[in-house]
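Scroll down for the structure; my scribbles are underneath it.
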DNA sequence: TCATTCGCGTGAAACGATTCATGAGTCAAT
DNA sequence: ATTGACTCATGAATCGTTTCACGCGAATGA
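Chains as they are written, first to last, in UniProt numbering: chain A, 1 to 335; chain B, 1 to 335.
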């Protein structure tokens, strides 16, 4: 593998000069620069990041560790993060913990060994030991889609209580009195908060609430939930799901069972992923600004790792969700 | 940042011994080992991969560079690749070129600088200059979801010609004579092959084929295609889409326009992503074994980079696609 | 003419691990 | 008592960069 010293020899200069050509071209005379550059070309020299990083002590890579890449919501976060990273000349590597704490731990220790610049983290469990050991590595991290106290870390999130309330209010206002909430695992703060939002609205109304908890936040769990809903009596006339994957699963289960949506059952999802609007009965959903979430988190992380003088203050950014009403809750468009 | 020499000092041994404790524990006596391990614990020592890699000359990371992470098909490939990588103690970093050649180039040069173990590549354009310069870096790569001549590189793909034929035959056999093929950009080999498959079947039948090309392989393009289809006369009674995202877009556009699926228009997608089966009118689709694709590609790459004696022969693995028939083409289930 | 500045280039010292030849110590066998 | 075999630990060399103090020569100013 050709290294900097091969280039130096070929160009008849010292290795220090080659390094300067690559990193501070203005410090080198035009003629030498040209000679070195053509040597680089001819030899096909590619700088070795590991050596560079060893010297520098920090890498040019930031990591994004998400709960589930199968959920387009997180893919959008990744895209946002990549956008700002690129502006800073950094790269993002995306890791998928698949909701599993052991994989989260494994990735975190890998990232610590890599000495990544920082980590954008959407953790399975905040209180977990996973983070506890990672903290000692001194690698900065920012929470994404999870609010934490500012003294612990910066975080960028969306107000899930409001989001839940938004959905619930919409259902109450459209006249539903028998409402179900299909929630994901309650170890997830997002799920707990959305439920809190739902309850705050429904408790103050005359509607009745049943809560179903699923083990995963995916389409298959949604289908399961659908069959449970079908067995309930009285059967709810509206269901709010903790995310769009669940909602799509419920929708499919209902359509398969001949239940008309929204006539017999209104459905509200959460995240407003692209597939929500693209469903044959387009889903009403609570939109989260996923891309902006990713951008903002990356910006915070970059600010924290800027080689400035003073440590930057931790920040807590909270975005507001927005209800997007579509056919799955509006009778007017049906049929 | 605590390094190996801090540990050595604390434990009262040489750095070589610490290294042995970490990498070849059996070569160290039990008592020293215990002493070193507790020093590691107390100091919170985390090995620095960049130094390790500098010495070793190769990294423990393999990369997967895909066309579009927004497409669940590629997420499944990533999962497959990660499964086998994990078995080998490797890590995968997933990069999303978003169908853009410039990002592909940028990622490839980053990966070359990182001296990754190898790259699983789903390239925008095989003939591209992107690859040409990457080749010089000597980093092994395996094509995923794209067949190439075995003398160039190993590849793992699915037979797209057969896949296209499968879909077309299904439509012909269910009696359609006016068929549309909504294809993605023809620079993609996948798209060209699927079209070839479609033509091979339809040319031999009495059905008529119209081909619409879209600029992207996403849901929005599918919606566009739907409106174009609506303007055609005679209007096709069946449409095959080059992937499920397009198909979902078409489905949505049609349902919004009041066209009944499958009664007035049958739709076939490609990839069989989870959302295809979860659509309110579940999509008939050509299934590709995405996870196995990822696994197989990673296995090939690992075989090529095994530090064995002889270079391993290049391999070309081709999987067979499979038609999954659902409601979007079968009148029997409708209403 | 001499001193000062400036522009360019050099060479060596890091960075933090791995690896390997070497040596120190112990034990058993001759 | 000497040898050989074996177990552990050592310390130096090495990987490919970056960085920095320094030196050389030319240009500038007095």
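Every residue gets a Cβ at the ideal spot worked out from N, C-alpha and C, and that includes glycine.
Remember, it's a predicted structure, so these values are computed and weren't measured experimentally.
Can you give me the C-alpha to C-alpha distance between residue 326/A and residue 213/B, rounded to a whole angstrom? 29 Å
Would you mind giving the Cβ-Cβ distance between residue 178/A and residue 234/A, rounded to the nearest angstrom? I have them listed as a contact below 8 Å. 6 Å
Please classify residue 62/A as buried or exposed, where buried requires at least 16 other C-beta atoms within 10 Å of its C-beta. It is buried - the Cβ of residue 62/A has at least 16 other Cβ atoms within 10 Å.
What does a CB cutoff of less than 6 Å around residue 319/A pick up in its chain, not counting 5 residues either side in sequence? 158, 289
Taking all protein chains shown into account, decide if residue 209/A is buried (16 or more other Cβ within 10 angstroms of its Cβ) or exposed. buried
In chain order, what residues of the same chain have a beta carbon less than 6 Å from the beta carbon of residue 265/B, not counting five sequence neighbours either side? 254, 259
Nearest chain A C-beta to residue 50/B closer than 8 Å, yes or no? yes
Cβ-Cβ separation, residue 197/A to residue 219/A (assumed contact under 8 Å), whole Å: The beta-carbon distance between residue 219/A and residue 197/A, rounded to whole angstroms, is 23 Å. This is too long to meet the 8 Å contact definition.
Could you tell me whether the Cβ of residue 91/A comes closer than 8 Å to any Cβ of chain B? yes
In whole angstroms, give me the CA-to-CA distance for residue 245/A and residue 71/A. 8 Å
Return the CA-CA distance between residue 35/A and residue 11/A, expressed in angstroms with no decimal places. Looking at the backbone, the Cα of residue 35/A and that of residue 11/A are separated by about 6 Å.
Residues that residue 84/B contacts on chain A, provided the C-beta gap is smaller than 8 Å: Result: empty, since nearest Cβ-Cβ is about 15 Å, beyond 8 Å.
Run through chain B and tell me which residues come within less than 7 Å of residue 94/A, C-beta to C-beta. 94
What does residue 112/A touch in chain B if you count any residue whose Cβ is under 7 Å from its own? 46
Residue range of the beta strand (DSSP E) that includes residue 16/A: Segment 15–23 is the alpha helix (DSSP H) holding residue 16/A; no beta strand (DSSP E) there.
What number of angstroms, rounded off, separates the C-alpha of residue 292/A from the C-alpha of residue 31/B? Going by C-alpha positions, residue 292/A is about 53 Å away from residue 31/B.
DSSP three-state assignment for residue 235/A, whether helix, strand or coil: coil
Buried or exposed (CB count within 10 angstroms, at least 16 for buried), residue 365/A: Outside the modelled stretch of chain A, which goes from 1 to 335, sits residue 365/A, for which no answer is possible.
Give me the residue from 96/A, 323/A, 298/A with the minimum Cα distance to residue 81/A. 298/A
C-beta atoms of residue 118/A and residue 149/A nearer than 8 Å: no
Please check the pair residue 138/A and residue 27/B, which I expect to be a contact at CB under 8 Å, by giving their CB distance rounded to whole angstroms. No, residue 138/A and residue 27/B are not in contact; Cβ-Cβ is about 31 Å, not under 8 Å.
Looking only at DSSP bridge pairs, what is residue 96/B linked to? DSSP lists 66/B as partners of residue 96/B.
Please go through the same chain and pick out, in chain order, the residues whose beta-carbon is closer than 8 Å to the beta-carbon of residue 170/B, but skip the five residues on each side of it. If we look at residue 170/B and ignore the five residues flanking it on each side, its Cβ neighbours are 268, 284, 323, 325, 329.
Might you give, ordered along the chain, the residues of its own chain that have their beta carbon closer than 7 Å to the beta carbon of residue 227/B, omitting 5 neighbours on each side? Cβ within range, chain order: 253.
Taking DSSP as the reference, what is the three-state secondary structure of residue 45/A? Coil at residue 45/A, not helix or strand.
Do residue 315/B and residue 301/B have their CB atoms nearer than 8 Å? no
Those residues which DSSP pairs with residue 120/B across a bridge: 64/B, 142/B
Ends of the beta strand (DSSP E) at residue 155/B? 154–158
Examine chain B for any beta-carbon lying closer than 8 Å to the beta-carbon of residue 249/A, and answer yes or no. yes
Assuming contact is defined by CB atoms lying nearer than 8 Å, are residue 105/A and residue 120/A in contact in what I supplied? no
The region 84–102 of chain A / the region 86–103 of chain B touching (three or more Cβ pairs under 8 Å): yes
By the three-class DSSP mapping on this structure, what secondary structure does residue 335/A have? Residue placement at residue 335/A is flagged as unreliable, the pLDDT there being 40, under the threshold of 50; the coordinate-derived value follows with that caveat. Of the three classes helix, strand and coil, the one that applies to residue 335/A here is coil, per DSSP.
Would the beta-carbon of residue 286/A fall within 8 Å of that of residue 204/A? no
Can residue 122/A and residue 69/A be called in contact, C-beta distance under 8 Å? Result no, Cβ atoms of residue 122/A and residue 69/A do not sit closer than 8 Å.
Option nearest residue 257/B by Cα separation, candidates 241/B, 206/B, 224/B, 180/B: 224/B
Would residue 331/B and residue 236/B qualify as a contact pair, given that the criterion is a beta-carbon distance under 8 Å? no
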